[in-house]
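Numbering (the working numbering), first residue to last: 43 to 706.
A short write-up of the structure that comes next.
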Ligand code: AMP
Ligand code: ZN
């Protein structure tokens, strides 16, 4: 073969591989199969070996090695990773303590731990060896980042403790290291990291272990997931134990009462800048595990812990105008347009305004000087208006009476807060609904973003979600900026979405109040979409963590003809909508359980998993439909209720374990 051609082919291969790599790292998507990708790499390796004159230092064959084919894996957490309730004032901490004292009147001791502003991580050890490390992900499952985590010196690969344990904590960038890396990036003309947390998040998922190793991340551990040890009964003992195992543990204080907590909060708000890592608050936790268990969890976070957040940075800027956006549910959201301003690591030009009441509450006018803060969220919030600086004759903001897109008269929801465009054929809503369905968190159709959806709607190819599966691609490739290649890519992406997981499809349907997490809960409860459609309101509201509002919304969604039509059309093109956890043994087929009181062998979550694995269901409220109540020590009012009903089988933890064939 002509040498000239060889060089071209090599270049071409490198470009392709680099392209797929970037797509994969940055957007977590793959446009080609692992197999095909590997073939490209192999071909390049072959050519480089045969024609060494063309080898270059940063060829993908050199920097990636085995990591390339190694697609990132998703691993389910053994015990869910929860978030934390936030408190922005000491008064909220007081309320938190009062609530606890209602459950237990005795003096409650607590720990105050630094809240590390890093990236949370789950480390699973078995037989004393680190088996894997995952990110928090959505709390139920995270991404496998074991190889990268192993480069962090403070994380032991082996520990003395031999039983299974999930150690949890935070990965962070030491501030010095963060500054060093940014300097290098600046020199290389690379984009700078906004703050240490972003830098940590951006590093932990990198594919190139060596780059990760060169970044010198560090870790701090503060809790566990799966872990059962009768000798450890308090958070304080737990931290001690983790320390003994060789982890870097969090800086902790031991306190009783609001005064001591207050002084800890004040102390750290002052001295936070003396640390070599960033913290954004203190986490206050009930020390005693028994009391923790008694307090339990909300759907998102433990009731026995709270994060006291330090005040966020505030800056002043000017309000240039307000846009009114129509969401996929028809909700009209005002968005403030700001004079661009730098705050907490990035320049912002928009702020959320939530709803009409918020504008009234702030008495906001165009041109006002306003104070904004960024507290965790990407989009900042307006917290204050400087009325002194207001120019005379400034204009009041008028909330529209008609939809800015379709002109339909707007209506307020029953609770009178959110304004909706109730025209379900409103182009803005259609656009958003389809975008939502195609989004990464839903069925994940790469290439079907805002602009393309808009084009397809304009050309009358789609106006409902299900139309996505009947696009005429010959026509599509004639559109402006489109062509054979983009048509081909979109077609493939759409094809691939048909085998998407049930919970992602369900989320994509856009049921009000059903977010990604709720979709998972629903899908783990029903075998398939038909079972879900046929469920009545009572079936739904009984599901653990499904409240009345969600239950009503789900029930009503499936009573709507258009929604059912959409589901049937999606099924017709091959979307299955069946649960994956079909591998249940049917010992407990359909039996409904509630767990109350504290258990001795397993955590509640583990028992819940065991119930579900055996075909049973965990519900939340005691009713005639309840079959079994598993009562641990110090059972709550549920036991009393169950006894009153009479038909409920009240069993102990051990009796339950016997039922499913585990002898304790
Ligand atoms: P947020 O991300 O603001 O909802 O805060 C909750 C997160 O804070 C948790 O999921 C942890 O990842 C993190 N965190 C940092 N330090 C601690 C700590 N000492 N105890 C518990 N969580 C912590
Ligand atoms: Zn409209």
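Built from N, CA and C at the ideal position, the CB exists for glycine as well.
Please read all numbers here as calculations on a predicted model, not as lab measurements.
Runs of alpha helix (DSSP H) lying entirely within the stretch 119 to 207, each at least 4 residues, in chain order: 132 to 145 and 188 to 191
Do you know how far the Cα of residue 180 is from the Cα of residue 379? 31 Å
If we call anything under 7 Å between Cβ atoms a contact, is residue 174 one with residue 188? yes
Heavy atom of ligand 2 less than 6 Å from the Cβ of residue 463, yes or no? yes
Using a 10 Å radius around the Cβ and a threshold of 16 neighbouring Cβ atoms, would you call residue 141 buried or exposed? exposed
Could you tell me which of 244, 480 and 375 sits nearest to residue 536, measuring between CA atoms? 480
To the nearest angstrom, how far is it from the Cα of residue 551 to the Cα of residue 99? 48 Å
Can you say whether residue 607 is buried or exposed, counting buried as having 16 or more other CB atoms within 10 angstroms of its CB? exposed
Closest by C-alpha distance to residue 571, when choosing among 136, 209, 297 and 549: 549
Using three-state DSSP, classify residue 527 as helix, strand or coil. helix
Going along the chain, which residues of its own chain have a beta-carbon closer than 8 Å to the beta-carbon of residue 227, five neighbours each way excluded? 233, 234 and 235
Is residue 448 near ligand 2, with its Cβ less than 6 Å from a heavy atom? yes
Just how far apart, CA to CA, sit residue 53 and residue 223? 30 Å
Should residue 544 be labelled buried (16 or more other beta-carbon atoms within 10 Å of its own) or exposed? buried
Residue 466 versus residue 326 - alpha carbon distance: 46 Å
So which of 250, 216, 695 and 256 has the shortest CA-CA distance to residue 240? 216
What do you get for residue 682, buried or exposed, if any count of 16 or more other CB atoms within 10 angstroms of its CB means buried? exposed
Name the residue from 653, 679, 439 and 332 whose alpha carbon lies nearest to the alpha carbon of residue 663. 679
Closer than 6 Å: is that where the CB of residue 445 sits relative to any heavy atom of ligand 2? yes
Using a 10 Å radius around the Cβ and a threshold of 16 neighbouring Cβ atoms, would you call residue 670 buried or exposed? buried
From residue 391 to residue 361, what distance separates their C-alpha atoms? 9 Å
Just verifying my parser: in three-state terms, what is the DSSP assignment at residue 304? helix
Cβ of residue 266 versus every heavy atom of ligand 1: is any distance shorter than 6 Å? no
Three-state class that DSSP yields for residue 210 in the structure shown: strand
Three or more C-beta pairs closer than 8 Å, one from the stretch 246 to 265 and one from the stretch 201 to 210: is that the case here? yes
Hey, how far is the Cα of residue 602 from the Cα of residue 576? 13 Å
I want to check one thing, is the minimum distance from the CB of residue 307 to the heavy atoms of ligand 2 below 6 Å? no
Could you check the C-alpha separation between residue 522 and residue 506 for me, to the nearest Å? 22 Å
Mind pulling the alpha helix (DSSP H) runs of 4 or more residues that sit fully within the stretch 380 to 415? 398 to 404
Residue 278 vs residue 237 beta-carbon contact at 7 Å: no
Please determine, among 573, 87, 318 and 62, the residue with the shortest C-alpha to C-alpha distance to residue 249. 62
Report the CB separation of residue 273 from residue 331 in whole angstroms; it is logged as a contact under 8 Å. 11 Å between Cβ atoms; not a contact.
Return yes when the C-beta of residue 565 is under 6 Å from any heavy atom of ligand 2, and no when it is not. no
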